[in-house]
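Visitor: Those protein sequences? They're chains L and R, same order as listed.
Per my numbering, residue 1 is the first one in the first sequence, and the count goes up by one each step.
Per my numbering, residue 1001 is the first one in the second sequence, and the count goes up by one each step.
Structure provided below as structure tokens; questions to follow.
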Amino acid sequence: MKRSHLIFWQLLVAVAIFASWHLVANWPIFADPKKVQFFFSTPIAVMKRVYEFFATGIIWRHLWITLSETLLAFIIGSLSGIAAGFWLARNPRVSAVLDPYVKMLNALPRVVLAPIFMLWFGLGIWSKVALGVTLVFFIVFFAVYQGVKEVSQTILANARMLGMNDRQLFRHVYWPSALSWMFSSLHASVGFALVGAVVGEYMGSAAGLGYLIHEAESTFDVTGVFAGMVVLSAFVIFIDWLVTLAENRLLAWRPQAHERTT
Amino acid sequence: MAEGGALPAVQLAGIEVSFGEGATIFVAVSGVDLNVAAGEFVAIVGPTGCGKSTLLNVIGGLLSASAGTAFVEGQAVRGISKPCGYLFQADALMPWKTALANVAVALEVAGIARSQAERQAREFLARVGLARFCDRYPHQLSGGQKKRVALAQVLIRDPRILLMDEPFGPLDAQTRVLMGGLLLKLWQQDRKAVLFVTHDLDEAIALADRVVVMSAGPQSHIIAQHKVDLPRPREAAEIRMDPAFHVLQKAIWNDLRAEVMRAYGDEFAAIGGKP
């Protein structure tokens, strides 16, 4: 499909959803429009609210808070995940001892940690960052661990025959291999950093997109909830697009699933 | 260790290599003695799984022998053997580096500045006919091209001894002959000592000064050695038509046949086939 056609069809889906939402919310097709509007609001009201968010500028502060929480969680989680992944992969004994604990921590639903982090780090951004870190850390950790463990033995033997010492092996073989695994889970880890931030805000905070949605919910302001969700989804798509850009640059050496022919 | 003045490039004395221990011990090679003179091209042939690669790994210092000693240029092998370059059977290029970077890194790790390493790498890639492919990543190259990059990567360090483990094994028949020709051309310029492991008898005879035949494993050992006195310089593709080639082929195959049969056990006997 041509790119312009694709965009046309993608837009058509959005128009169809908004049109049917608008119809159901304004005419008694399924139920009394008043009731429908109470539960689902109307697309025009939601868009108006989104416009107000930006027109008054109140949204920028929330976006900024959520963005910084996401980035901090991603950076701290990735760095610690890389360090731990390398360390455990290069020390099989330590890794064998710690294995059940790593599994245990990873299996723990992270939401239960949120109140404890509030207690430890307060209601500011750091409790949200901490929540995001616990999510990102394990994704990156497992990816890097795998990446170091699964370096091809032939590549390793070849690198050693080329005269590489331990430091050079790290730089030319282990590090790129681990990074390639980490980047392949980049979408997941950035996504989870955002989940950590929003869930944390939702549980208790004074700013951020999660806070915005939660505030609207607690006053039965369905329009506000939907407007918050629209902004959040647009934000997610934007972040995901940035990740794709970064990925294309960093993983240029990788064979594509379908090599571009144009 | 010197015999008659010149030091052998490689000397194996009573090499035994075993894997595992106790009841599950597997003795791959046992009692292998072999000398390779400086500048000599030696091919090792033998049935699958006879421990040919194991010997190369011992010489390269990637594997330690459980008995006996390997000497490289008179020095007992301990750790990676510096004078050796090793061309592997499987893909050994770093997939995250371009062809140029893969070749240049072999010099960079020896402390040569990147710009100079890259200049030399370009030259070596041109020598294996890949001047136009410097910026390609390994996945963008064909099997034969990857092998040539790997060859450039090994040769750029100018090793005095080349260890080659079925390097052209994964390639198709025609590409193999061409690669053999390229290897001979490069080798004839500076005559390194070469240990070339293959299961392809024709390839062994076309390239080598001497063909060493190994028995089927376990406890694989050398059962015969044949001198190949075909004239040099050779054309890897045309030498196969030479009548002397066929005489050698027949003689070596006579030694090899029983071992190949043994390696396959009764798999072929069951269908009444003869290898």
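C-beta: ideal position from N, C-alpha, C; glycine also.
1) Fully enclosed by the region 119-203 of chain L, which beta strand (DSSP E) runs are 3 residues long or longer?
2) Tell me which residue opens and which closes the beta strand (DSSP E) that Q1225 (chain R) is part of.
3) For A1126 (chain R), name the three-state secondary structure that DSSP assigns.
4) For the region 158-185 of chain L, enumerate the residues whose C-beta is nearer than 7 Å to any C-beta of chain R, in chain order.
5) So is V13 (chain L) buried or exposed if we call it buried at 16+ other beta carbons inside 10 Å?
6) Distance check for A1038 (chain R) and E1003 (chain R), CA to CA, integer angstroms please.
7) Using a cut-off of 9 Å between C-beta atoms, extract the partners of K1052 (chain R) located in chain L.
8) Do you know how far the Cα of V144 (chain L) is from the Cα of A216 (chain L)?
9) Can you list the residues of chain R that P115 (chain L) reaches, using a CB-CB cut of under 8 Å?
10) Alpha carbon to alpha carbon, how far is C1134 (chain R) from P1095 (chain R)?
11) With R1240 (chain R) and A1208 (chain R) assumed to form a contact (beta carbons below 8 Å), what rounded beta-carbon distance in angstroms separates them?
12) Helix, strand or coil for L1034 (chain R) per DSSP?
13) Counting Cβ pairs, one atom from each stretch, are 3 or more of them under 8 Å apart for the region 1079-1095 of chain R and the region 1148-1159 of chain R?
14) Going by C-alpha distance, which of R:R1157, R:V1077, R:Q1225, R:G1169 is nearest A1110 (chain R)?
15) Closest to I1223 (chain R) by CA distance: which of R:A1193, R:Q1189, R:L1256, R:L1183 is it?
16) DSSP puts I1044 (chain R) in a beta bridge; with which residues?
17) Assuming L212 (chain L) and H22 (chain L) make a contact with CB atoms under 8 Å, what is their CB distance in whole Å?
18) I'd like to know whether the C-beta of P255 (chain L) is nearer than 7 Å to at least one C-beta of chain R.
19) Compare the C-beta of I82 (chain L) against all C-beta atoms of chain R and say whether one is closer than 7 Å.
20) Starting from the Cα of L265 (chain L), find the closest Cα among L:L105, L:I155, L:V243, L:W181 and give me that residue.
21) Is there a C-beta anywhere in chain L that falls below 7 Å from the one on V1109 (chain R)?
22) For a test of the three-state rule: what should DSSP assign to S104 (chain L), helix, strand or coil?
23) Examine chain R for any beta-carbon lying closer than 7 Å to the beta-carbon of R260 (chain L), and answer yes or no.
24) Assign M1094 (chain R) to one of three DSSP states: helix, strand, or coil.
25) Kindly indicate if chain R contains any beta-carbon less than 7 Å away from that of T154 (chain L).
26) Can you pull the chain L residues whose beta carbon is under 8 Å from the beta carbon of M1261 (chain R), in chain order?
27) Helix, strand or coil: how does DSSP classify Q1075 (chain R) here?
28) Once you ignore the five residues that flank S1053 (chain R) on each side, which residues in its own chain have a CB closer than 8 Å to its CB?
29) Inspect the beta-carbon positions of V111 (chain L) and T223 (chain L) and report whether they are closer than 7 Å.
30) Considering Y211 (chain L), what are the terminal residues of the alpha helix (DSSP H) in which it resides?
31) Nearest by alpha-carbon distance to I139 (chain L): which of L:A84, L:L119, L:R93, L:M161 is it?
32) Using 10 angstroms around the beta-carbon of A96 (chain L), count the other beta-carbons present and answer buried if the total reaches 16, otherwise exposed.
33) May I ask which residues mark the beginning and end of the beta strand (DSSP E) holding G1144 (chain R)?
34) List the endpoints of the continuous alpha helix (DSSP H) containing G81 (chain L).
35) From the beta carbon of Y1086 (chain R), is the nearest beta carbon of chain L less than 7 Å away?
36) Whose CA, out of R:V1058, R:S1220, R:E1238, R:F1245, lies closest to the CA of L1230 (chain R)?
Guide: According to the structure data:
1) none
2) 1222-1227
3) helix
4) Of all residues in the region 158-185 of chain L, N158, R160, M161, L162, G163, M164, Q168, H172, V173, P176, S180 have a Cβ within less than 7 Å of some Cβ in chain R.
5) exposed
6) Only weak support is given to the placement of E1003 (chain R): the predicted model assigns it a pLDDT of 45, under 50, and the value that follows is read from those uncertain coordinates. Distance between the alpha carbons of E1003 (chain R) and A1038 (chain R) is about 12 Å.
7) None at all; the shortest Cβ gap to chain L is about 16 Å.
8) 40 Å
9) Here the premise fails: no neighbours, minimum Cβ distance about 43 Å.
10) 14 Å
11) Their Cβ separation, rounded to whole angstroms, is 14 Å, which puts R1240 (chain R) and A1208 (chain R) out of contact at 8 Å.
12) Strand, per DSSP.
13) yes
14) R:R1157
15) R:L1256
16) R:V1197, R:V1212
17) Their Cβ separation, rounded to whole angstroms, is 24 Å, which puts L212 (chain L) and H22 (chain L) out of contact at 8 Å.
18) Using beta-carbon distances, P255 (chain L) counts as an interface residue toward chain R, with a partner under 7 Å.
19) Residue contact with chain R for I82 (chain L): absent (no Cβ-Cβ distance below 7 Å to any residue of chain R).
20) In the structure as shown, chain L begins at 1 and stops at 262. Residue 265 (chain L) is therefore absent and cannot be evaluated.
21) yes
22) The displayed chain sequence assigns Met, not Ser, to residue 104 (chain L). Helix.
23) Any reading at R260 (chain L) must be qualified, since the residue scores a pLDDT of 43, below 50, and its modelled position is unreliable; the value itself is stated next. No, because no Cβ of chain R sits closer than 7 Å to the Cβ of R260 (chain L).
24) coil
25) yes
26) Chain L residues near M1261 (chain R): none, gap ~30 Å exceeds 8 Å.
27) strand
28) Q1089, D1165, E1166, V1197
29) no
30) 209-218
31) L:A84
32) exposed
33) No beta strand (DSSP E) holds G1144 (chain R); the alpha helix (DSSP H) holding it covers 1143-1155.
34) 58-90
35) yes
36) R:F1245
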